[in-house]
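J.: Mind having a look at this structure? Questions to follow.
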Amino acid sequence: MWISCNWLSRHVDLSGVDLDDLGRRFTLAVAELEGVERVGGHLKTVVVGHVLSAEPMEGTKLRICSVDTGDSEPRSIVCGAPNVAAGQRVPVALPGTTMGDLTIAERRVQGQLSQGMIASESELGLGEDHSGILVLDGAPAPGTSITELFPVEDTLFEIDNKSLTHRPDLWGHRGIAREVAALLDRPLRPLSHDVAFTDARPLDIEVGDSKACPRYTAFTMDDVSIAPSPRWMSLLLHRVGVRSINNIVDATNFVMLDLGNPLHAFDRREVRGDAIRVRRAHSGEVFTTLDEAERALDGDDLLICDGERAVALAGIMGGQNSGVADDTTQIVLEAATFDPSVVRFTSQKLGLRTDSSARFEKSLDPRLPEEAARAFAALVLELCPEAAVTSALHDVAADYPAPTTIELRLERVERRLGMALPETRIREILTGLEFELSDTVDGMIRVGVPTYRATKDVAIEMDLIEEIGRVFGYDNIPAQPPSITLG
595 MWISCNWLSR HVDLSGVDLD DLGRRFTLAV AELEGVERVG GHLKTVVVGH VLSAEPMEGT
655 KLRICSVDTG DSEPRSIVCG APNVAAGQRV PVALPGTTMG DLTIAERRVQ GQLSQGMIAS
715 ESELGLGEDH SGILVLDGAP APGTSITELF PVEDTLFEID NKSLTHRPDL WGHRGIAREV
775 AALLDRPLRP LSHDVAFTDA RPLDIEVGDS KACPRYTAFT MDDVSIAPSP RWMSLLLHRV
835 GVRSINNIVD ATNFVMLDLG NPLHAFDRRE VRGDAIRVRR AHSGEVFTTL DEAERALDGD
895 DLLICDGERA VALAGIMGGQ NSGVADDTTQ IVLEAATFDP SVVRFTSQKL GLRTDSSARF
955 EKSLDPRLPE EAARAFAALV LELCPEAAVT SALHDVAADY PAPTTIELRL ERVERRLGMA
1015 LPETRIREIL TGLEFELSDT VDGMIRVGVP TYRATKDVAI EMDLIEEIGR VFGYDNIPAQ
1075 PPSITLG
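With positions in the sequence shown counted from 1, the corresponding number in my numbering is that position plus 594.
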């Protein structure tokens, strides 16, 4: 799994942080990093160019472009992209720029001098589109480095997924940022997803198996406009290996990768009867998923249905009839929690593993769907200012598990770690990880475990001592020879 430090910076201040040292500390304290990769630094010599003219080169499909790059004279650049045209602002890789195995140099093409390269999104490493050159929005000044237009430079952490199996809270940037904030002793930025839902309840939601689906939330939005995502969002998605599709689909992926809870956006036209039914599949039922494959199901599988038919394989993939289309204007957003064993069984049986199933099978926090739903609504309203939330936040939930509280004895912390830590430091570490602490009574603190750590991870006193030790740093605990009592 890839984690973007630019993305983490949305949650915790990383200014002045040595990211290589942070990566080392993260490996020792949280999860193994397989690598630290810096990207985008090669783009400092890619500048804004203003295409003054783009004339066909006789006998070829090439064009000879005159491009203002902020120098005293325009550059002559030969370009083969079908979409190049006069008047555009484009990225120009100046001679000396290295892009992969290619170093840009002045050279002659069909006898015509070319003094640089007008680049595509793919060639710049900013996305996957290689169908034509990247046309920049607005009118940035010629000669401006592309690094000044958007944050193309980033540092990526590659995390070994196996080391996160027991930590469902770390399958999103928010959870990773919480750990980073604790390691750096810096505050975690508060979430702000203030969204005004209405009182309308146009959806009829029924969960037929509350054990398989402990929580199901949904709401509707109207007047959405399907469009390309803004560069900041498509770039962050690209950095962590997710292809940008459109603003609504990208918003579901962004929230999943940000908070860790998968979402699904339905075209409301395809939700027949304005009804959602969560039920087990019938034996022999066949369902066609978004990848156009027909899946034979049985009673162990869980489906999301509308008033007439199945529309999604719960926790894994939507149906061919459920996707957002180019002309979609109304959506239904689903944010739910599913039984991890149900998702895992179906995923393995069908050989269908997705980013969604990888998270649901880890025992996600049952309180997370509401925050994820609010985050999605706030993001769509930012991307589509004309859009509107048109319903209440429907919330069908089974009883939540009782809060987990653990008694932590300070003398036991010292005994297990082999050194005395000041109580203030113990409290700082646990508070930084968002545990709730009571006053100390008789050398003991009652510790409330947040729900995102209680599903699969922290359950006993020794778990808390491990939290304290790893954040403090096991390498900071002085080695001592064993003490042996002779009789």
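We put the beta carbon where it would ideally sit given N, CA and C, even for glycine. All figures in this text were calculated on a predicted structure; none of them were measured in a lab.
Determine the DSSP secondary structure at C659, reduced to helix, strand or coil.
T.: Here the question's residue 659 lines up with position 65 in the sequence shown. In the structure shown, C659 sits in a strand (DSSP, three-state: E or B).
J.: Short check: CB of A930 to CB of P963, under 8 Å?
T.: Locating residue 930 in the sequence shown gives position 336, where the first residue counts as 1. Locating residue 963 in the sequence shown gives position 369, where the first residue counts as 1. Cβ atoms of A930 and P963: closer than 8 Å.
J.: On a Cα-Cα basis, can you pick out the residue from L1004, K756, R873 that is closest to D1036?
T.: Numbered from its first residue, the sequence shown carries residue 1036 at position 442. Among L1004, K756, R873, the Cα nearest to that of D1036 is on L1004.
J.: Which residue comes first and which comes last in the alpha helix (DSSP H) that contains S951?
T.: If you number the sequence shown from 1, residue 951 lands on position 357. Run containing S951: 949-954, per the alpha helix (DSSP H) assignment.
J.: Using the beta-carbon count (16 or more within 10 Å), is Q709 buried or exposed?
T.: On the sequence shown, position 115 is the one that residue 709 refers to. The residue in question, Q709, is buried, as its Cβ has 16 or more Cβ neighbours within 10 Å.
J.: Taking the beta carbon of P822 as the centre, do at least 16 other beta carbons fall within 10 Å, making it buried, or is it exposed?
T.: Start at 1 with the first residue of the sequence shown, and residue 822 comes out as number 228. Answer is exposed; the Cβ neighbour count stays below 16.
J.: What are the start and end residues of each continuous beta strand (DSSP E) run of 3 or more residues lying completely inside the stretch 631-679, in chain order?
T.: Here the runs fully enclosed are 640-650, 657-662, 669-673.
J.: Roughly how many whole angstroms lie between the Cα atoms of P781 and A648?
T.: As a working mapping, residue 781 is identified with position 187 in the sequence shown. As a working mapping, residue 648 is identified with position 54 in the sequence shown. In a straight line, the C-alpha of P781 is about 52 Å away from that of A648.
J.: Buried or exposed, going by whether 16 or more other CB atoms sit within 10 Å of the CB of I1071?
T.: Here residue 1071 refers to the residue found at position 477 when the sequence shown is read from its first residue. When all chains shown are included, I1071 counts as exposed.
J.: Would you report the Cα separation of I698 and G719, rounded to the nearest angstrom?
T.: On the sequence shown, residue 698 is found 104 positions in, with the first residue counted as 1. On the sequence shown, residue 719 is found 125 positions in, with the first residue counted as 1. Answer to the nearest angstrom: the Cα atoms are 15 Å apart.
J.: Given this structure, state the Cα-to-Cα distance separating E773 from V624, to the nearest angstrom.
T.: Reading the sequence shown from its first residue, position 179 is the one you call residue 773. Reading the sequence shown from its first residue, position 30 is the one you call residue 624. C-alpha separation (whole angstroms): 7 Å.
J.: Report yes or no: do the stretch 781-796 and the stretch 982-995 share at least 3 C-beta pairs separated by less than 8 Å?
T.: Contact between the stretch 781-796 and the stretch 982-995 is present, because at least three Cβ pairs lie under 8 Å.
J.: Closest to S666 by C-alpha separation, out of L975, D695, G737, V645, would be which residue?
T.: On the sequence shown, residue 666 is found 72 positions in, with the first residue counted as 1. Ranking the options by Cα distance to S666, first place goes to G737.
J.: Output the boundary residues of the beta strand (DSSP E) element that contains G1042.
T.: Locating residue 1042 in the sequence shown gives position 448, counting from the first residue. Where G1042 is concerned, the enclosing beta strand (DSSP E) stretches over 1038-1043.
J.: Could you check whether the Cβ of P824 sits closer than 8 Å to any Cβ belonging to chain D?
T.: In the displayed structure, chain D is absent; only one protein chain is listed.
J.: Going by the beta-carbon positions, is the gap between L688 and T639 smaller than 8 Å?
T.: The residue given as residue 688 occupies position 94 in the sequence shown. The residue given as residue 639 occupies position 45 in the sequence shown. Contact: yes.
J.: Which residues share a DSSP beta bridge with Q539?
T.: Since the first and last residues shown for the chain are 595 and 1081, residue 539 lies out of range.
J.: Looking at C-beta atoms only, is the number of pairs between the stretch 953-970 and the stretch 821-841 that lie closer than 8 Å three or more?
T.: These segments do not touch.
J.: CB-CB under 8 Å to L831, same chain, minus the five flanking residues each way: which ones, in chain order?
T.: Mapped onto the sequence shown, residue 831 falls at position 237. Contacts found: S823, R837, S838, D844, N847, F848, L851.
J.: For the candidate residues T940, A919, Q942, A969, whose alpha-carbon lies nearest to that of E928?
T.: Your numbering for residue 928 matches position 334 in the sequence shown. Comparing Cα positions, the closest option is A969.
J.: What are the start and end residues of each continuous alpha helix (DSSP H) run of 4 or more residues lying completely inside the stretch 733-784, in chain order?
T.: Counting whole runs of 4 or more residues, the stretch 733-784 contains the alpha helix (DSSP H) stretches 767-778.
J.: So if DSSP puts F813 in a beta bridge, which residue, or which two residues, is it bridged to?
T.: Here the question's residue 813 lines up with position 219 in the sequence shown. DSSP output for F813 lists L927 as bridge partner(s).
J.: Have a look at A859, L884, L896, L857 and flag the residue whose alpha-carbon is nearest the alpha-carbon of H876.
T.: The residue you call residue 876 lines up with position 282 of the sequence shown. For the residues A859, L884, L896, L857, the minimum Cα distance to H876 belongs to L896.
J.: What's the call for M711, buried or exposed, on a 16-neighbour Cβ count within 10 Å?
T.: What you label residue 711 is simply residue 117 of the sequence shown in a count that begins at 1. By the 10 Å Cβ count, M711 comes out buried.
J.: Pull up the CB-CB distance for S981 and L973, whole angstroms please, since I reckon it's below 8 Å.
T.: The sequence position of residue 981 within the sequence shown is 387, counting from 1. The sequence position of residue 973 within the sequence shown is 379, counting from 1. The sequence as given places Ala at residue 981; Ser does not occur at that position. With a Cβ gap of about 11 Å, A981 and L973 do not count as contacting.
J.: The alpha helix (DSSP H) with I839 in it runs from where to where?
T.: For the purposes of this step, residue 839 is identified with residue 245 of the sequence shown, where counting begins at 1. Careful: I839 lies outside any alpha helix (DSSP H) and carries neither H nor E.
J.: To which residues does DSSP link M911 through a beta bridge?
T.: Against the sequence shown, residue 911 aligns to sequence position 317. According to DSSP, which records beta bridges pairwise, M911 is partnered with L907.
J.: Give a yes or no on whether the C-beta atoms belonging to E1055 and R1021 are separated by under 8 Å.
T.: Looking up residue 1055 in the sequence shown gives position 461. Looking up residue 1021 in the sequence shown gives position 427. No, these two residues do not count as a Cβ contact at 8 Å.
J.: Quick one: what's got a C-beta closer than 8 Å to V630's C-beta in the same chain, skipping five residues either side?
T.: By 1-based counting over the sequence shown, the position of residue 630 is 36. Contacts found: L613, D614, G617, T749, L750, F751, E752.
J.: By the three-class DSSP mapping on this structure, what secondary structure does C807 have?
T.: What you label residue 807 is simply residue 213 of the sequence shown in a count that begins at 1. C807 falls in the coil class under three-state DSSP.
J.: With DSSP as the reference, label D874 as helix, strand or coil.
T.: Within the sequence shown, numbered from 1, the residue matching residue 874 stands at position 280. Sequence check: residue 874 is Arg here, not Asp. Strand, per DSSP.
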